[in-house]
Each structure stands twice: as C-alpha cells, then as structure tokens.
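Presented below is the structure to which this report refers.
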Amino acid sequence: HFCIVGCGYKAYTWPLKTQGSTDSNWVGEDLSKQQAAETEAWYAPSMYNVVKQNGKDVHLVIKPDVNCQVNSGLGSIRGARMAENRRSDVTGTQKQRLTDPMVWRYGTWQPTSWDDALDLVARVTARVIDKDNENDLYVSMFDHGGSAGGYENTWGTGKLYFDSMKVKHCRIHNRPAYMSEVHSSRDMGVDELNYNYADYEVTDTIFLVGTNPMECQTNLFLNHMVKGMQNGAKVVISDPRRTVTVDSCEQVAGAENVLHLPITTGSDVALHNTLFTYIADQGWVDADFIAKSTFQGDVAVAADSAYPASLGSFEAARVACKMS
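In our numbering, the protein residues as written are -9 to 314.
Laid out in structure tokens, this is it:
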C-alpha cells in the first residue's frame, strides 16, 4: 500500500446487523472474556470500516498477518490504514474517491458512463493518429497500484498501449518517463529487489544509500534491520539529510556503530567507486560466487547508448569503473 516491502495482511468481512454467540465473530475468539496482552482478537480504528461487498454493506477489518515472515504482525502507517482508506457511504471515509469515470465538459469535471469514457478516449486517440503521427501520442498512466490495485489493475492498459497501439511515449505515476527508479545501479549490473530480507539479520554491515526505511519501509526496518543491529551489525547511511532512520539506528545500535555520510550532490558516484575500489584492493570479493553468477570472458549485455556500463561481468564493470 504505497510501499514496496510486501507486508502480509488479512481481510475479514461479515454482514451488518447480525447477532451470534460470544465466539461467533470475525476472529473466532470468546470476546466476553479478558484477552491477553498479545492477543490477535482486536483491531485498531484505522483497521475497520463498512464497505460494499457484492452490493451489500459489510463490516471490514484489515489486520497485519502475524504469520507473514515479512512483517510478523507489524502494521505501518500505510498498511494499518488500508481499511479506513476505503470509500464508505456509511462511515463517510474517502468520499472523494471516484465511483465513475470523469470527463471535462463545459468547463467542469462531470461523471459519465464507462461506454462514453471509452468512446471518447478512442475517438481522441484515433484523431491524434490520423491528423499527425502515431508518435505524437503520449500516455500518462499509473503503472502499479497499492491497496486493491497492483499489476492486475494495469494489465489491460499495458496490453492496450504497448501491444495493440504500440505507444512509444509514456510516463507513469511517479516519474517523467517509463524508466527505472534506480537506473544508475542497473547500469552497474545491480538490479533492485535482489536480496532476502533475512540478510539484514545476519549481516556485518547495513549500507543505506539515499533511503529512509524507518519512515518509508517501516516494517522492513523494525522487523529485520533492527534484528541485524541487535546482532551486532554496524550501519552506514549515505544521505544528504539526517533522517529519522539515522536517529533510530543510533538508538538501537549506538551512535558509535552508525556512520552518517551527508554527501553533496554528485558526490555519490565518487564515493561508491572509492568503496568498490577499496573492497577489490582488500580482496573482499567472493570470487566463487561471482564466477557462478556472472558471465566469464563476456558480458550479458554489451555497453551501448542504452546501457552505458557492461552488465553481467564483474571484470568488465571493474574496468569500466576504473577500479584498480
């Protein structure tokens, strides 16, 4: 939900105005008795709402999943509010959310039918292509959703724009073009989301670059990074800002075990090249792992205008980065 950590949550629904026994409830516990301090038989106000399901009003509870290895029952300010972020005509939440397509007519936004909206988009699109050139068509869309969204919600638009219409110009919800958010690291051959969260718990050092996980990836930080620091991991944070993450790491690991590097604009490349060079000079390279995981004597993707750095070969990347 507006986050990439991937925490597990469970959703419960049951009809309004129904009665039952003390344990005939959403959680199957006897709520007439005092619950233990660590009980799961509760939910915060932000985890509850009344929504439509199959045309009928139902109670909705969305709670963190205690059995999920990612968050282990922890709920962040994002995930723990998924229920109250649903539109509800009963509780009045999120009334600004759209229930129908909107079209700009006569100087204002007006609701319309799906048939009218699709017809309008089709006719305008055809007009642009017929009048000028298909490359004059630009698309602005959301690429992936959060709560109740996801790639399933954009599969149809992707097939339409890229497969059927062959659209070449597209921007998505959080960037000016349909590109990687971490293109520099991709050029270096390091794709994002390429590690196991459990690595944080056993590593010697946690290196954070331009990220603020305490606020932006809360459950990842609290459920995995904190365990690593408690096991003795030191933390290096490369960020111009002194964020809440810096303060939190100092509280958990001790200020003497946290190094904050408030770098200036453009100095990150020099910093990283220096670190990589030192690592290589010290021989801190797992040669066997690299040999098994990369192309030897060649590269997976050759350097060109689209890929300014060789991908897939450690030696090629080392030469390209001018490492000794």
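Each residue gets a CB set at the ideal place from its N, CA and C atoms; glycine is no exception. Owing to the predicted nature of the structure, the values given are computational and were not obtained by experimental measurement.
Name the DSSP bridge partner or partners of Ala27? According to DSSP, which records beta bridges pairwise, Ala27 is partnered with nothing at all.
From Ala281 to Gly18, what does the alpha carbon distance come to, in whole angstroms? 53 Å
Checking contacts by CB at 7 Å: is Asp271 closer than that to chain B? Given the protein chain composition of this structure (a single chain), no chain B is represented.
Give the DSSP bridge partners of His49, in chain order. Trp4, Val40
Cβ neighbour criterion (16 or more within 10 Å) applied to His214: buried
Which word fits Asn39, buried or exposed, when buried means at least 16 other C-beta atoms lie within 10 angstroms of its C-beta? buried
Check whether the segment 197 to 213 touches the segment 54 to 73, taking contact to mean three or more Cβ pairs, one atom from each stretch, closer than 8 Å. yes
Count the other C-beta atoms from every protein chain shown that fall within 10 angstroms of the C-beta of Arg113, then say buried if there are 16 or more, exposed otherwise. exposed
Sub-7 Å separation of Ser228 and Ile253 beta-carbons: yes
Using 8 Å for Cβ pairs, my map puts Ala73 next to Val51. What's the rounded Cβ distance? 6 Å
Considering only residues of the same chain and omitting the five flanking positions on each side of Leu6, which have a CB-CB separation below 6 Å? Asp47
Just to check my reading of the structure: Thr144 and Phe132 have Cβ atoms closer than 8 Å, yes? What is that Cβ distance to the nearest angstrom? 7 Å
Among the candidates Tyr190, Ser238, Ser295, whose CA atom is the shortest distance from the CA of Gly222? Tyr190
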